[in-house]
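Numbering (my numbering), first residue to last: 131 to 733. Have a look at the structure below before the remarks.
What follows is the structure, given as structure tokens:
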């Protein structure tokens with residue numbers, strides 16, 4: 131494909147590292163096979179190349195506009211999404227009984243990766259809609275599911291998540307949107323919501339808003355938040371569309387990236403009140419919304435990886451074609467110039483991008499596989515297995531969202547640098563990838579919130595059970611690699627840094643009684659980065675173990691080069707990237723509070 135992704139790498143990670151085809155042996159996925167999966171990837175490739183990628187630059191240059199009370203979006207977006215829905219891909223991971231394809235989540239996430247790499251703005255619409263459908267399939271009542279699930283899964287309805295408000299931002303305890311109970315058992319909502327992706331458009335028949343609001347008289351703070359379905363058009367009992375609901379577009383937000391994804395300010399109840407329908411129980415709205423938010427966090431991480439990946443492939447292609455300069459040993463100015471990929475510093479930038487992009491993909495795919503293993507264990511009544519997979523996914527979710535968002539952006543930065551001066555122009559797409567990816571620091575919870583989640587909750591939950599299990603899994607790979615001569619040094623390096631991370635965590639926790647929780651969490655974002663580097667180093671060690679085994683039987687030069695590239699990138703990550711966390715961990719072990727204690731008047 132034209133610099134969208136590397137099919138060979140995706141196949142390696144799915145089938146050789148993760149053994150994805152084994153999922154099809156479980157009763158849940160037994161109607162599928164590797165052949166079916168490959169056919170779907172062929173379809174996704176064609177659609178991404180023919181329908182998504184061609185208008186990616188167009189929607190960035192000509193973003194949605196607010197005209198005469200309506201949102202105007204480039205028609206190419208609707209054509210792409212209509213084809214996507216007609217292909218049935220929106221329904222990929224849903225159960226047969228819901229009208230879905232019941233594919234492994236690992237497969238559907240892989241296709242999401244392909245589409246996001248082609249055009250992350252257009253790919254965002256179905257991602258949000260699938261999240262809404264997944265939430266309602268778990269927490270919606272039968273009436274709500276019968277009205278909304280099928281059209282969401284078919285792609286006729288799109289969905290949004292409405293959390294933030296202008297005065298509250300991430301502080302959801304301070305939202306002011308009110309939901310007042312009516313005599314018929316429904317609610318009328320009044321308030322406004324900010325930063326709503328996909329909040330208004332004509333891309334679908336209807337838009338289903340999932341809105342957080344407070345019922346008057348409820349508890350203060352997050353315990354008083356409830357969740358409501360607020361459709362753009364009311365839906366009649368027979369499934370037909372009724373009157374327009376009192377949801378009004380107040381304006382558009384114009385962001386530095388993701389420009390093709392319309393981002394809105396919505397007013398609920400400017401007139402008589404927006405009709406809303408309570409999901410589940412009162413006061414549990416935030417808990418329900420986390421079902422969608424956690425799914426979206428993994429999706430955001432995969433989107434960040436997609437942007438890093440396509441940026442890397444563009445930089446790689448440019449470096450092979452662009453001729454400039456000569457070998458340092460070549461003194462004759464009349465000698466031919468060489469491709470810039472032959473320069474050492476360009477190679478360094480490319481291998482750094484490769485380590486971030488392919489490492490981020492490995493992490494996202496591993497998390498997707500954990501979702502499948504959860505579903506298989508649940509269906510089989512395997513309580514122990516379900517618990518283990520849930521513990522692992524819990525602790526990896528903030529990392530799967532934040533690490534690719536941070537280091538995928540750094541990969542995009544290096545892709546621009548490889549292009550030289552051209553990288554900073556719109557003649558090449560790498561500057562757009564950078565702008566798009568910069569938003570992922572804040573999507574679905576800022577990086578700082580992810581750090582607090584990891585250090586304040588996930589590391590300590592169930593007496594540290596999630597962290598202990600993850601560390602055990604990492605050590606299993608370390609022991610495997612120690613038995614391989616070419617990898618033993620790098621396995622030892624990972625073990626050293628894993629031990630250092632564990633020791634630092636224990637030291638920080640031991641200082642809580644004397645220094646307090648505020649000091650413990652003061653540098654949670656730094657902890658998140660260090661923890662993420664250890665996890666991605668593990669992802670690379672797993673790839674190197676597999677590549678070292680496979681290369682023994684290789685006779686094809688291309689395959690040999692591919693596996694050598696995997697092994698050498700693992701070595702690079704362990705040598706250049708992983709040691710950088712030592713300084714961070716030394717600082718964390720002191721529970722330093724300089725930043726927290728800095729007086730605001732000193733700025």
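Even for Gly, the Cβ is constructed at its ideal location relative to N, Cα and C.
- Selection 585, 253 and 226 evaluated against residue 157 yields 226 as nearest (Cα-Cα).
- Annotated as distal: residue 222 and residue 436, with beta-carbon spacing of 8 Å or more.
- Rounded to the nearest angstrom, the Cβ distance from residue 282 to residue 263 is 4 Å, consistent with a contact under 8 Å.
- When DSSP reads this structure, residue 489 sits in no beta bridge, so it has no partner.
- Under DSSP, residue 681 forms no beta bridge with any residue.
- Take residue 519, set aside five residues on each side of it, and the residues of its chain with a beta-carbon closer than 7 Å to its own are 500, 503, 504 and 507, in chain order.
- Counting the other CB atoms within 10 Å of its CB gives residue 132 a total below 16, which places it among the exposed residues.
- Fewer than three Cβ pairs drawn from the segment 197 to 204 and the segment 231 to 250 lie within less than 8 Å of each other, which leaves the two stretches out of contact.
- Fully enclosed beta strand (DSSP E) runs of no fewer than 3 residues occupy 287 to 292 of the segment 238 to 297, in order along the chain.
- Counting C-beta pairs with one atom in each stretch, the segment 228 to 241 and the segment 164 to 181 have three or more that are closer than 8 Å, which means they touch.
- Residue 391 and residue 194 have their C-alpha atoms roughly 8 Å apart.
- Residue 314 and residue 138 have their C-alpha atoms spaced approximately 57 Å apart.
- Secondary structure of residue 322 (DSSP, three-state): strand.
- Taking a contact as a CB-CB distance under 8 Å, the pair residue 419 and residue 491 does not count as one, their CB atoms being some 27 Å apart.
- Assigned with DSSP and collapsed to three states, residue 232 falls in coil, not helix or strand.
- For residue 195, the enclosing beta strand (DSSP E) starts and ends at 195 to 197.
- As computed with DSSP, residue 656 is found in no beta bridge at all.
- CA-to-CA, the gap between residue 326 and residue 333 works out to about 15 Å.
- According to the DSSP assignment, residue 713 belongs to the alpha helix (DSSP H) that extends over 711 to 719.
- Beta-bridge annotation (DSSP): residue 363 is paired with 374.
- Excluding the 5 residues flanking it on each side, residue 306 has same chain C-beta neighbours closer than 8 Å at 295, 297, 298, 321 and 344, in chain order.
- Here the segment 535 to 548 does not lie against the segment 587 to 597, with fewer than 3 beta-carbon pairs under 8 Å apart.
- Counting the other Cβ atoms within 10 Å of the Cβ of residue 199 gives fewer than 16, which makes it exposed.
- In the DSSP annotation of this structure, the continuous segment of the beta strand (DSSP E) that includes residue 406 starts and ends at 404 to 409.
- Taking the CA atoms as reference points, residue 547 sits about 6 Å from residue 553.
- Beta-bridge analysis with DSSP links residue 344 to 308 and 355.
- The DSSP-derived three-state label of residue 614 is coil.
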